[in-house]
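Comments concern the structure below.
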Amino acid sequence: MSLTAKQLAELMPDATQVESDEPEMESSLHYFQLALLVSCLEWLWRDKNDFFIGANLTIYFNRQQLKNKDFRGPDFFLVKQTEKRPRKSWVTWEEGGKYPDLIIELLSESTENVDKTLKKDLYQNRFRTPEYFWFSPNTLEFSGFRLVQGKYEEISPNELGWLWSESLGLYLGIHEQQLRYFTLEGQLVPTPEEDAQQQMRFAQEQRKQVQQAQQQAQQAQQQAQQAQQRAEQLAAQLRALGIEPEA
4 MSLTAKQLAE
14 LMPDATQVES
24 DEPEMESSLH
34 YFQLALLVSC
44 LEWLWRDKND
54 FFIGANLTIY
64 FNRQQLKNKD
74 FRGPDFFLVK
84 QTEKRPRKSW
94 VTWEEGGKYP
104 DLIIELLSES
114 TENVDKTLKK
124 DLYQNRFRTP
134 EYFWFSPNTL
144 EFSGFRLVQG
154 KYEEISPNEL
164 GWLWSESLGL
174 YLGIHEQQLR
184 YFTLEGQLVP
194 TPEEDAQQQM
204 RFAQEQRKQV
214 QQAQQQAQQA
224 QQQAQQAQQR
234 AEQLAAQLRA
244 LGIEPEA
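Residue numbering for the sequence shown is 4 to 250, as defined by my numbering.
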């Protein structure tokens, strides 16, 4: 029997106020990894305003599920072609029916089995999320899948073990025991702090090059002065011998 508008409203009076209902993350490793994924992408796309990143945020995809709270959201998800603004949760029917374009789960002992089975099936069959990755901050297990004709197919790694994400336009790969983004050219996508340090090092290198150029110019000037002095001394010696230097 279908629900009436009143019954639907009772299930969810105001979808825009629905809070996320996610558990605490497993460890500080998981927290740091999640923050790293968010901060790097936010910094890289800081000039864009047409995407949303969810971090340990619930995705509500039907009213009954909202009422029962029978499913928890991904650790990290990306929705493109949407308004970039704060949200308390992601409610699909309030977002034009949009589901994530990319999901990353951070594996742990307590969630690994669900992430690899129940959630994978949900993301494939219900969400139709084009790309799904999982990564373990503890064991460094890393895999990725792309939706092909309605089924997830494993993404083949490149020679460095990185996986290409069409949704991101970036590689995902392990760097110093962390999951990081890499550009098509193979450059590490920095955090804001790393970028500031790079800019500082670049500025220091520029100053060093300017100082070296100034020192070289001073040395050249000194050499020119010394050459001029030698020429004048030679001219004086020639005149002392009765020889005009110009001759």
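Ideal Cβ positions, reconstructed from N, Cα and C, are used throughout, including at glycine.
Nothing here was measured: the structure is a model prediction, and the numbers come from that model.
Rounded C-beta distance between residue i and residue j? I'm assuming under 8 Å.
i      : j      : result
Ile158 : Phe148 : 6 Å
Thr85  : Asp53  : 7 Å
Phe138 : Leu110 : 7 Å
Lys83  : Asp104 : 5 Å
Gln180 : Leu150 : Actually they are not in contact, since the Cβ atoms of Gln180 and Leu150 sit about 29 Å apart, beyond 8 Å.
Quick check: what's the CA-CA separation for residue i versus residue j?
i      : j      : result
Ile107 : Glu115 : 12 Å
Val41  : Phe80  : 9 Å
Gly172 : Phe185 : 9 Å
Ser113 : Lys119 : 12 Å
Leu182 : Gly176 : 6 Å
Trp46  : Asp124 : 31 Å
Ala243 : Ala234 : 14 Å
Leu191 : Asp198 : 10 Å
Gln36  : Leu44  : 13 Å
Tyr174 : Lys51  : 19 Å
Thr194 : Ala38  : 10 Å
Gln67  : Gly76  : 15 Å
Lys122 : Arg49  : 30 Å
Gln232 : Gln222 : 15 Å
Leu143 : Pro160 : 15 Å
Ala238 : Gln200 : 56 Å
Leu187 : Gln229 : 54 Å
Tyr34  : Ser168 : 23 Å
Leu241 : Gln219 : 33 Å
Gly100 : Glu196 : 36 Å
Val117 : Leu32  : 20 Å
Leu11  : Tyr135 : Model confidence at Leu11 stands at a pLDDT of 44, short of 50, so the residue's coordinates are unreliable; what they give is reported in the following sentence. When rounded, the distance between both Cα atoms is 31 Å.
Let me know the secondary structure DSSP gives residue i once reduced to three states.
i      : result
Trp137 : strand
Leu44  : helix
Leu163 : coil
Leu125 : helix
Ser31  : helix
Val94  : strand
Lys83  : strand
Glu112 : coil
Arg233 : helix
Lys119 : helix
Glu25  : Caution is warranted here: a pLDDT of 49 is assigned to Glu25, below 50, making its placement in the model unreliable, and the coordinate value is therefore given only provisionally. Residue state, collapsed to three classes: coil.
Gln190 : coil
Asn183 : According to the sequence displayed, residue 183 carries Arg and not Asn. The answer is strand: DSSP assigns Arg183 an E or B state.
Leu150 : strand
For residue i, tell me which candidate among the options has the shortest Cα-Cα distance.
i      : options                          : result
Pro133 : Ala38, Arg90, Ile62 and Gln152   : Gln152
Glu98  : Ala234, Asn65, Lys119 and Pro195 : Asn65
Ser170 : Ser30, Leu110 and Phe55          : Phe55
Ile62  : His33, Tyr102 and Ile177         : Tyr102
Asn59  : Pro140, Gln229, Lys91 and Leu44  : Lys91
Arg129 : Lys154, Thr142 and Val117        : Lys154
Phe78  : Arg88, Asp50, Lys51 and Pro140   : In the sequence as displayed, the identity of residue 78 is Asp instead of Phe. For the residues Arg88, Asp50, Lys51 and Pro140, the minimum Cα distance to Asp78 belongs to Pro140.
Trp165 : Gly189, Arg88 and Glu156         : Gly189
Gly57  : Tyr34, Trp93 and Glu247          : Trp93
Taking all protein chains shown into account, decide if residue i is buried (16 or more other Cβ within 10 angstroms of its Cβ) or exposed.
i      : result
Gln202 : exposed
His178 : exposed
Arg30  : Note on identity: in this sequence residue 30 is Ser, with Arg being the wrong assignment. So Ser30 ends up on the exposed side.
Leu6   : Confidence at Leu6 is low in this model, with a pLDDT of 44, below 50, so its placement is unreliable and the value that follows should be read with caution. Exposed, because fewer than 16 other Cβ atoms sit within 10 Å of the Cβ of Leu6.
Gly245 : exposed
For chain B, check one thing: does any of its Cβ atoms lie closer than 8 Å to the Cβ of residue i?
i      : result
Glu156 : Annotation note: the requested chain B is absent from the structure, which comprises a single protein chain.
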